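Everything below concerns the one structure shown next.
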Ligand code: ATP
């Protein structure tokens with residue numbers, strides 16, 4: 002296992018990058034501790050696969066270095082980096098049994114048969130594959146095959162890191178949560194450094210202790226799931242994480258106080274704002290908005306049932322303010338007033354939180 006350091010990485014697929022858009026990865030520095038569970042989260046095209054390929058050695062970065070435990074591996078081959086990868090589509094030998102598929106990486110490294118048997122049975126038990134060990138892999142369903150792929154990554158004790166690239170894509174929706182919790186459990190039991198790449202916030206937030214959110218080839222925030230939820234450093238993170246995402250409203254700050262549609266709103270950080278007032282926004286998650294007897298005047302326009310709570314859509318002029326209302330509380334009709342929880346209301350300038 003290894004600590005992984007990405008130092009000042011940049012990558013362009015163009016021979017002669019001139020402007021910002023020519024870089025698939027803009028400058029990026031990151032450290033993943035030994036044994037941690039990490040996720041890279043971002044929309045399609047933000048650079049996740051490029052970064053993964055740089056770490057595994059399939060792409061040499063245009064600039065910057067990759068270190069494993071402080072040793073520069075920027076020019077090392079994928080084999081030398083000793084990484085296990087689990088891809089979107091299961092990589093299994095269809096004609097071999099489940100047992101032989103799991104044993105393959107170990108036999109390949111000359112591990113003795115008694116040890117192979119011990120490890121294969123241990124990993125098969127963790128993945129609930131014991132009853133299928135003698136079956137051919139070809140007979141298994143997509144999730145069974147993906148479990149084999151996971152198992153082939155997990156059997157090796159010599160890998161520096163296990164990387165998962167959207168591993169649940171081909172899994173039936175009702176089985177996804179099972180595999181997701183299985184992965185989390187496996188990380189606890191095995192304690193290897195694991196990096197999970199996905200565009201799905203639920204997968205990232207349930208698997209990882211620390212999530213890195215990417216956008217347009219840049220890291221916008223690295224933090225625990227709670228950090229990303231409670232204190233998004235950029236409005237993009239607020240929007241991308243949460244369902245519905247954070248409300249982002251135009252605002253002003255005067256004398257250290259925020260105003261939305263001319264009405265005062267308390268926030269965590271308006272008092273720290275020292276700028277000229279351009280490009281200011283207020284962010285508050287639907288979870289931290291409540292109906293009140295006075296406050297921001299809005300119109301209730303839509304109510305949607307979402308299990309134990311309702312998602313209420315309100316309008317403030319041309320802007321939408323969503324809120325979550327417990328199922329057993331009444332939703333006013335027409336004109337209503339909102340109050341934002343001051344401890345979870347933040348001001349952003351040009352998209353970034355005011356510090
Ligand atoms: P997805 O989830 O769709 O795979 P991603 O977040 O993994 O997206 P990348 O595939 O790394 O993103 O792509 C980042 C940027 O680099 C995109 O603008 C993409 O068009 C570009 N890109 C990726 N691979 C190549 C390539 N081989 N040649 C040229 N441009 C590429």
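Numbering (our numbering), first residue to last: 2 to 356. Every residue, glycine too, gets a C-beta built ideally from N, C-alpha and C. All figures in this text were calculated on a predicted structure; none of them were measured in a lab.
| message | With DSSP as the reference, identify every bridge partner of residue 84, one or two as the case may be. | response | 162
| field | Presumed contact (8 Å Cβ cut-off) between residue 58 and residue 82, rounded CB distance | value | 5 Å
| Between which two residues does the beta strand (DSSP E) carrying residue 348 extend? | 346 to 350
| query | Does any residue of chain D bring its CB to less than 7 Å from the CB of residue 140? | reply | Absent here is chain D; the protein component of the structure consists of one chain.
| message | Can you tell me whether residue 25 sits near ligand 1, meaning its C-beta is under 6 Å from at least one heavy atom of the ligand? | response | yes
| Are residue 26 and residue 214 close, meaning C-beta to C-beta below 7 Å? | no
| said: Ignoring anything shorter than 4 residues, give me the alpha helix (DSSP H) runs that lie fully in the region 290 to 335, in order along the chain. | reply: none
| Three-way DSSP call (helix, strand, coil) for residue 359 in this model | In this structure the chain extends from 2 to 356, so residue 359 is not present and cannot be described.
| task | Less than 8 Å between the CB atoms is what I'm expecting for residue 292 and residue 325, so what's the real figure, rounded? | result | In fact, because the Cβ distance is near 11 Å, the residues do not count as touching under 8 Å.
| field | Buried/exposed call for residue 189, threshold 16 Cβ in 10 Å | value | exposed
| message | Among the candidates 74, 200 and 329, whose CA atom is the shortest distance from the CA of residue 46? | response | 200
| query | Near residue 334, which residues of its chain fall below 8 Å by C-beta distance, leaving aside the five closest residues on each side in sequence? | reply | 301
| said: Does the region 54 to 68 come into contact with the region 108 to 126, if we say contact requires no fewer than three beta-carbon pairs (one atom in each stretch) closer than 8 Å? | reply: no
| request: Report buried or exposed for residue 353, applying the criterion of at least 16 other Cβ atoms within 10 angstroms of its Cβ. | output: exposed
| field | Simplified DSSP state of residue 251, which is helix, strand or coil | value | strand
| field | Close Cβ partners of residue 217 (< 7 Å) along its chain, the five nearest in sequence each way excluded | value | 47
| query | If we ignore side chains and look at the alpha-carbon of each, how far apart do residue 276 and residue 256 end up? | reply | 11 Å
| task | Return helix, strand or coil for residue 3, following the three-state DSSP convention. | result | coil
| Spatially closest choice to residue 3 from 22, 61, 165 and 74, by CA coordinates | 74
| residue 228 - DSSP class collapsed to helix/strand/coil | helix
| Taking Cβ to Cβ, would you say residue 322 is nearer than 7 Å to residue 248? | yes
| message | On a Cα-Cα basis, can you pick out the residue from 310, 173, 297 and 211 that is closest to residue 320? | response | 297
| Taking the DSSP output, what are the residues bridged to residue 235? | 353
| field | Pairwise C-alpha distance: residue 63 and residue 155 | value | 31 Å
| message | What does the alpha-carbon distance come out to for the pair residue 88 and residue 273? | response | 45 Å
| message | Taking the straight line between their C-alpha atoms, what separation do you get for residue 343 and residue 126? | response | 49 Å
| Close Cβ partners of residue 66 (< 6 Å) along its chain, the five nearest in sequence each way excluded | 8, 73 and 75
| request: Could you tell me if the beta carbon of residue 48 falls within a distance shorter than 6 Å of some heavy atom in ligand 1? | output: yes
| query | DSSP puts residue 359 in a beta bridge; with which residues? | reply | In the structure as shown, the chain starts at 2 and stops at 356, and residue 359 therefore has no counterpart that could be examined.
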